[in-house]
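If you count by mature numbering (1 follows the signal peptide of the UniProt record, and there is no 0), then the sequence shown holds residues -18 to -1, 1 to 296, one letter each, in order.
Even glycine gets a Cβ: it sits at the ideal position worked out from N, Cα and C.
Note that the coordinates shown come from a computational prediction; the quantities given were computed from them, not determined experimentally.
Everything below concerns the one structure shown next.
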Amino acid sequence: MLRLFCLFTLLFVASAQAEVRVLTSIKPLQLIAAAVQDGIGSPDVLLPPGASPHHYALRPSDVRRVRDADLLYWIGPDMEAFLPRVLGSRDKPQVAVQDLPGMTLRHFGDSHSHDEHEHDEHDHGHEHASDDLGHDHDHRPGSLDAHLWLAADNAKVIAARMAADLAKLDAANAARYAANLQAFEARLDVLDGRIRPQLAALQGKPYFVFHEAFDYFEAAYGLKHAGVFSVLTEVQPGARHVAAMRKTLQQTGPSCVFSEPPLRPRLAETLSAGLPVKLAELDALGGTLPVNATGYEQLLENLAGGLSECLNSL
Ligand SMILES: [Zn+2]
């Protein structure tokens, strides 16, 4: 009996001390989890660097990781369409963060600054709704814009849920998770105060994107891209389409065209040749950032920095 009791105690202590295995679908969610788990554990991520969440095929090792993680966070079926079919293999908690109460959700086409020209560009994009990274997901007006992590307020909602889930599974560290959450929220407020004036100075400076991923960030800071250039992966865009995109750039005058690392669409050079257009990058996924408590802030800061650096040089 005593031996049994000892065994039970040992098992209990071992499981109480084992790190909670957090798995997130994409890097930005991993960075938010890293802030909440700071000093306690390291979250894992499903997608390798450079992979597009819109167009990913799970490997067998991914399926095992999905099954085994204690907590799983993903955006939702509009972003990681590859995930729902393997979620049935899990008997532990999983959270589609798009469903969390308190989330601010946008839909493509949500904007007060839409004008005719932009609609043209938008519609054009949908005949060719894909780029070199395989971004062929649904960006039709009215559909959910699932790039919701680029609003700091949404990151706070996600972090709060992670802190609550972690405290439940790892009660011994509950106070630390709560403190980490509070510190994360406070740092985001400081960051907001820093980049808000920086971005306010960019209003009205025209820029274009290849993938409509930044609307949450833009909406938070009163910015709006002048248009979206979307192109098919394998098929060269038709000459008329290219000519129309070049005409838009020409009429706009000096502008920035942002692509996303790691790949710059081949079209970027063709479009901008001979025009007063600067090519630059914005990374919505924070692909190269180290995974630590301040990684998520760095992601936002890099977006602000990338926008200002290019737009201020026009
Ligand atoms: Zn996208």
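Just mark residue i as buried or exposed, buried being the case when its beta carbon has 16 or more other beta carbons within 10 Å.
i, result
"HIS259", "According to the sequence provided, residue 259 is Val. The question's His does not apply to it. Answer is buried; the Cβ neighbour count reaches 16."
"ARG41", "exposed"
"ALA195", "buried"
"PRO66", "exposed"
"GLN164", "exposed"
"GLY277", "buried"
"LYS9", "buried"
"ASP171", "exposed"
"GLN19", "buried"
"SER43", "exposed"
"LEU48", "According to the sequence as given, residue 48 is Val; it is not Leu. Classification of VAL48: buried, given that the 10 Å Cβ count is 16 or more."
"THR6", "buried"
"residue 318", "Because the chain spans -18 through 296 in this model, residue 318 falls outside it and cannot be assessed."
"ASN294", "exposed"
"SER95", "In this prediction, SER95 scores a pLDDT of 37, lower than 50, which makes its location untrustworthy; the coordinate-derived value is nonetheless stated afterwards. Under this definition SER95 is an exposed residue."
"VAL79", "buried"
In the DSSP assignment, find the unbroken beta strand (DSSP E) run with residue i in it and report its ends.
i, result
"GLU251", "Where GLU251 is concerned, there is no enclosing beta strand (DSSP E), although the alpha helix (DSSP H) it sits in stretches over 249 to 254."
"LEU5", "4 to 6"
"VAL191", "189 to 191"
"LEU53", "53 to 56"
May I ask which residues mark the beginning and end of the alpha helix (DSSP H) holding residue i?
i, result
"GLU263", "Unbroken run through GLU263 is the beta strand (DSSP E), 259 to 263; no alpha helix (DSSP H)."
"PHE199", "197 to 202"
"ALA78", "Note, ALA78: premise wrong, no alpha helix (DSSP H); beta strand (DSSP E) at 76 to 78."
"SER290", "277 to 294"
"LEU69", "66 to 69"
Below 8 Å, is the gap between the Cβ of residue i and the nearest heavy atom of ligand 3?
i, result
"GLU200", "With respect to small molecules bound, the structure shown includes ligand 1 and not ligand 3."
key: alpha helix (DSSP H) runs wholly inside the segment 218 to 247, at least 4 long, in chain order   = Qualifying alpha helix (DSSP H) stretches, in chain order: 221 to 234.
query = Are there three or more Cβ pairs, one per stretch, closer than 8 Å when the segment 226 to 236 is compared with the segment 246 to 266?
reply = Using a C-beta cut-off of 8 Å, the segment 226 to 236 makes contact with the segment 246 to 266, since at least three inter-stretch Cβ pairs fall below that distance.
query = Can you list, in chain order, the stretches of the beta strand (DSSP E) that have 3 or more residues and sit fully within the segment 3 to 43?
reply = Entirely contained in the segment 3 to 43, the beta strand (DSSP E) runs reaching 3 residues are, in chain order, 4 to 6.
request  = Please specify which runs of the beta strand (DSSP E), each continuous and at least 3 residues long, are wholly inside the segment 130 to 155, giving them in chain order.
outcome  = The segment 130 to 155 contains no whole beta strand (DSSP E) run of 3 or more residues.
ask   = Counting pairs of Cβ atoms below 8 Å between the segment 128 to 141 and the segment 77 to 84, do you hit three or more?
value = Yes, since at least three Cβ pairs between the segment 128 to 141 and the segment 77 to 84 fall closer than 8 Å, the two stretches touch.
query = Is there contact between the segment 175 to 187 and the segment 56 to 73, where contact requires at least three CB pairs shorter than 8 Å?
reply = No, because fewer than three Cβ pairs between the segment 175 to 187 and the segment 56 to 73 fall closer than 8 Å, the two stretches do not touch.
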